[in-house]
Amino acid sequence: MARPKIGYRHFCPAARALEVIGEKWSLLVVRDLLAGPRRFSDLRRTLTAITPKWLSARLRALQGQGIVEREAASQREVWYRLTPKGQALAPVIDALLVWGIDDALGPPRRGEAIHPGRAMDGIVRYLERRRVRPARPAAWVVRFTADRSYTIRFDGERWSRQRGEAVADVVVETSPEGWVAFLAADRAGRRRWLRESGAEGRPERIEELASAFGPGP
Numbered sequence: 004m005a006r007p008k009i010g011y012r013h014f015c016p017a018a019r020a021l022e023v024i025g026e027k028w029s030l031l032v033v034r035d036l037l038a039g040p041r042r043f044s045d046l047r048r049t050l051t052a053i054t055p056k057w058l059s060a061r062l063r064a065l066q067g068q069g070i071v072e073r074e075a076a077s078q079r080e081v082w083y084r085l086t087p088k089g090q091a092l093a094p095v096i097d098a099l100l101v102w103g104i105d106d107a108l109g110p111p112r113r114g115e116a117i118h119p120g121r122a123m124d125g126i127v128r129y130l131e132r133r134r135v136r137p138a139r140p141a142a143w144v145v146r147f148t149a150d151r152s153y154t155i156r157f158d159g160e161r162w163s164r165q166r167g168e169a170v171a172d173v174v175v176e177t178s179p180e181g182w183v184a185f186l187a188a189d190r191a192g193r194r195r196w197l198r199e200s201g202a203e204g205r206p207e208r209i210e211e212l213a214s215a216f217g218p219g220p
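Going by our numbering, the first residue of the sequence shown is number 4, and it counts up by one from there.
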C-alpha cells in the first residue's frame with residue numbers, strides 16, 4: 004500500500020482518512036466512479052478542470068491505497084472502477100452532497116461547469132440520504148434542452164432518475180445555471196423560481212418539489 008503524502012501528526016480516525024482521501028480531486032474521482040466504471044477520458048470530461056497530469060496522479064494514488072482498480076480491456080481501452088474499499092466511501096459522498104446543497108451551494112459561479120446528468124445523479128443521492136418521502140409517488144421532469152431531459156421519480160420507496168421524459172407530475176424547463184439557482188434558494192425562493200419559470204403541474208405537486216430540497220423556512 005502506498006504511504007500517504009500528507010501527515011497531520013495527530014491520532015484521529017478522521018485525520019487518518021484525510022491522509023488517504025483528502026487530496027484535491029480524490030473525492031470527486033470517487034464520486035464519479037460511484038456511478039460505475041469510467042475511462043480516463045470519461046473522468047476528464049466530467050471533472051472538467053482537471054489536467055491529465057493531475058488525474059493520472061490521483062488515479063495512481065487511489066490505486067495505491069486500494070480504493071480504485073484499473074482494468075485494461077485492450078491496449079487502447081482502460082477502465083477504472085472502485086474496489087469494495089472505495090465503494091465504502093458512498094456514505095461520505097452522500098453526506099457531502101446533503102451538506103453542500105443545504106449549507107454550501109450558493110448561486111452558480113462565472114465559468115463554472117455544470118453537467119446536467121451528474122447534477123441529477125447527485126440530486127437522487129441527496130433525496131435518498133435526506134429520506135425525503137412524499138406522501139405519494141412523484142415524477143418530475145427537468146428539461147434543459149430539446150434533447151437533454153431527465154425524469155426524477157419516487158416510486159413510494161426509492162428515488163431514481165432516467166434520461167428522457169416520462170409522464171410527470173411537474174415539468175420544469177430551465178438551463179443548468181437556472182437549476183443550480185433553484186437548488187441554492189431557500190424554500191420561498193424555490194417557490195418563486197418555480198412560479199417565474201412557468202413550471203407545469205398542479206399547485207400541490209409543485210409545492211412537493213419546492214419543499215424537497217434544502218433547509219426549510
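Idealized CB from N, CA, C, for every residue including glycine.
Since I believe I155 is in contact with I126 (beta carbons under 8 Å), could you give me their beta-carbon distance rounded to a whole number of angstroms? For a cut-off of 8 Å, the C-beta gap from I126 to I155 is around 6 Å, short enough to register as a contact.
So, with DSSP's three-state summary, where would you put V170? Under the three-state reduction of DSSP, V170 is assigned to coil, being neither helix nor strand.
How big is the Cα-Cα spacing for V33 and K56? Roughly 17 Å separates the two Cα atoms.
Here's the rule I'm using: 16 or more other beta-carbon atoms within 10 Å means buried, otherwise exposed. How should F14 be labelled? Classification for F14: exposed.
Which residues in the same chain as T49 place their Cβ atom closer than 7 Å to its Cβ, once the five residues preceding and following it in sequence are excluded? For T49, where only same-chain residues beyond five positions count, the Cβ hits under 7 Å are D35, H118 and R121.
Using DSSP with H/G/I as helix, E/B as strand and the rest coil, what is Y129? Judged by DSSP in its simplified three-state form, Y129 adopts helix.
What does DSSP give as the partner residues of Q165 in its beta bridges? Within the DSSP bridge table, the entry for Q165 names T154 as partners.
Contact criterion: CB-CB distance below 7 Å. Does G125 meet it with respect to chain D? Given the protein chain composition of this structure (a single chain), no chain D is represented.
Helix, strand or coil at E160 [DSSP, three-state]: Here E160 sits in coil by DSSP.
Please list the terminal residues of the continuous beta strand (DSSP E) segment that includes A188. Per DSSP, A188 belongs to no beta strand (DSSP E) and is neither H nor E.
C-beta contact flag for V183 and V144 at 7 Å: Result no, Cβ atoms of V183 and V144 do not sit closer than 7 Å.
Under 7 Å, do T193 and A171 count as touching if we go by C-beta distance? It is worth fixing the name first, because residue 193 is Arg in this sequence and not Thr. The answer is no: Cβ separation not under 7 Å.
Three-state secondary structure (DSSP) at F43? In the three-state reduction of the DSSP assignment, F43 falls in the helix class, which pools H, G and I.
Would you decide whether I209 is buried or exposed? Buried here means 16 or more other CB atoms lie within 10 Å of its CB. By the neighbour-count criterion, in which 16 or more other beta carbons inside 10 Å mark a residue as buried, I209 falls on the buried side.
Cutting at 6 Å between CB atoms, please list the residues of its own chain near M3, excluding the five before and the five after it. Coverage of the chain is limited to positions 4 through 220, which leaves residue 3 absent and any answer about it impossible.
G114 burial status per 10 Å Cβ neighbour count (16 or more: buried): With fewer than 16 other Cβ atoms from the protein chains shown falling within 10 Å of its own Cβ, G114 counts as exposed.
Leaving out five residues before and five after L1 in sequence, what residues of the same chain have Cβ atoms less than 7 Å from its Cβ? Here the chain comprises residues numbered 4 to 220, so residue 1 is not present and cannot be evaluated.
According to DSSP, simplified to helix, strand and coil, what is L36? In the structure shown, the three-state DSSP call for L36 is helix.
By Cβ distance below 7 Å, which residues in the same chain neighbour A215 in space, the five residues on each side in sequence not counted? Contacts found: L130 and V135.
Comparing alpha-carbon positions, which option in Q68, F43 and G67 lies nearest L58? Among Q68, F43 and G67, the Cα nearest to that of L58 belongs to F43.
Would you identify the three-state DSSP class for R84, choosing helix, strand or coil? Three-state DSSP puts R84 in a strand.
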